[in-house]
Amino acid sequence: MNSTLQRYYSGVRQKNAALSEQRLSECEKKNPRFKSLREERGEVVLAMAAGKLSAAQAQSRIAAISAERKNLLIAMGQPANYLDPIYSCPKCKDTGEVGEGRKKLCACALKQMQQTLAEGARINPKETFAAFRADLYPTDAQRSFGIRCKAYCEKYVASLPHPEKPNLIFLGTPGLGKTYFANAIAYGALERGIDTLKVTAYRFVQDALDGIGSHTETMRRYTDVSLLVLDDLGTEPMIPNVTVESLFRVLNERNTADLPTIVVSNLTREDLVETYGERLASRLFDGSRTAIVKFSGNNLRTRQS
Ligand SMILES: [Zn+2]
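Number 315 marks the last residue of the sequence shown (the working numbering); no jumps.
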């Protein structure tokens, strides 16, 4: 297990231990009998360790103490296991590992790794196909579009790394779910073990500025990553000799290397041509490589519920 995961589980255990402590002191405040039961239990363990009680005697005393504690809890209106150790994952008891002898990673650890990976790739782990909600669409037409779009995007993920049309461009006004679907694709790709990176055009241009004059590691990553999602194209600053040039270079190199790219923009096709020029637009809208998905309708975020 890597150190990031170890730190994560140590944090989870600390948090749960603190919660346990808090529950115990709350119960002991309400009923002093809890405290004497805890002390009795401690005495039993000590007596057993000192050989004054047999293991069987100690076990039966401890069972009696636990039973009384459970009854007290129930009488207080709490669940009988309220003072049992708390585990976020009962399977691995928050260790991240399961199994005897040669241990293997628990399912919760795999999920956590995915999450960490997603954060590193700037992918939102909450915007996924699994979390997709058709009921958020304000009209039947939009809902039906959303459902078809989801199916299309899922098919795209399944066909990675070589979809029929490797590039997707999502166009439409804000709040129609473009970024959601782009993110869901990125997350789905990660789940399939495909190296993926999502970046806003704004951040991309910042990185391009930082790497000016040299082809930096970061810019190389944009060129080389198996799947790149470029979000919010059109919101980045237009810096002469940087914005259009770096976008062109990355998109062009990715096309040449047959690497899929997803671009999301609030601008129309005409606006994009005007903003970035024919040369870049021809890469963006190259019909042999790109499927254009147009989102339309009412903003999902301002929907009356
Ligand atoms: Zn677990």
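Idealized CB from N, CA, C, for every residue including glycine.
- Between the alpha carbons of residue 135 and residue 142 lies a gap of roughly 12 Å.
- Distance from the CA atom of residue 268 to the CA atom of residue 195, rounded to whole angstroms, is 18 Å.
- In the pairwise beta carbon analysis, the stretch 19 to 30 is classified as touching the stretch 84 to 104: at least three pairs are separated by under 8 Å.
- In the DSSP assignment, residue 226 falls outside any alpha helix (DSSP H) and carries neither an H nor an E.
- Cβ neighbours of residue 153 within its own chain (closer than 6 Å, five residues either side excluded): 144 and 147.
- When DSSP states are grouped into helix, strand and coil, residue 108 belongs to the strand group.
- Bridge partners of residue 215 according to DSSP: none are assigned.
- Distance from residue 206 to residue 131 at the Cβ level is roughly 5 Å; contact confirmed, criterion being Cβ atoms closer than 8 Å.
- Using a Cβ-Cβ distance cut-off of 8 Å, the stretch 296 to 304 and the stretch 163 to 182 are in contact, since at least three pairs of beta carbons, one from each stretch, lie closer than that value.
- With a threshold of 7 Å, the Cβ atom of residue 118 counts as near ligand 1, since some heavy atom of the ligand is closer than that.
- Closest option to residue 75, judged by alpha-carbon separation, among 249, 52, 118 and 310: 52.
- Taking C-beta atoms as the reference points, residue 274 and residue 241 count as a pair closer than 8 Å.
- Beyond the five residues adjoining it in sequence on each side, residue 126 comes within less than 7 Å, by CB distance, of 14 in the same chain, given in chain order.
- In this structure, the beta-carbon distance from residue 237 to residue 199 falls below 8 Å.
- Here residue 165 is exposed, its C-beta having fewer than 16 other C-beta atoms within 10 Å.
- The straight-line gap separating the alpha-carbon atoms of residue 32 and residue 159 is approximately 48 Å.
- Per DSSP, the continuous alpha helix (DSSP H) segment holding residue 200 begins and ends at 188 to 201.
- In this structure, residue 106 has its CB closer than 7 Å to one or more heavy atoms of ligand 1.
- In the three-state DSSP reduction, residue 84 falls in the helix class (H, G or I).
- Beta-bridge pairing by DSSP links residue 177 to 300.
- With a minimum length of 4 residues, the unbroken runs of alpha helix (DSSP H) contained wholly in the stretch 244 to 302 fall at 253 to 266 and 279 to 294.
- Under the three-state reduction of DSSP output, residue 205 falls in the coil class, being neither helix nor strand.
- Within 10 angstroms of the beta-carbon of residue 245 lie fewer than 16 other beta-carbons, which makes it exposed.
- With a cutoff of 7 Å, residue 101 counts as near ligand 1, since its C-beta is closer than that to a heavy atom of the ligand.
- Within the stretch 23 to 71, no complete beta strand (DSSP E) segment of 3 residues or longer occurs.
- In the DSSP assignment, the residues bridged to residue 241 are 210.
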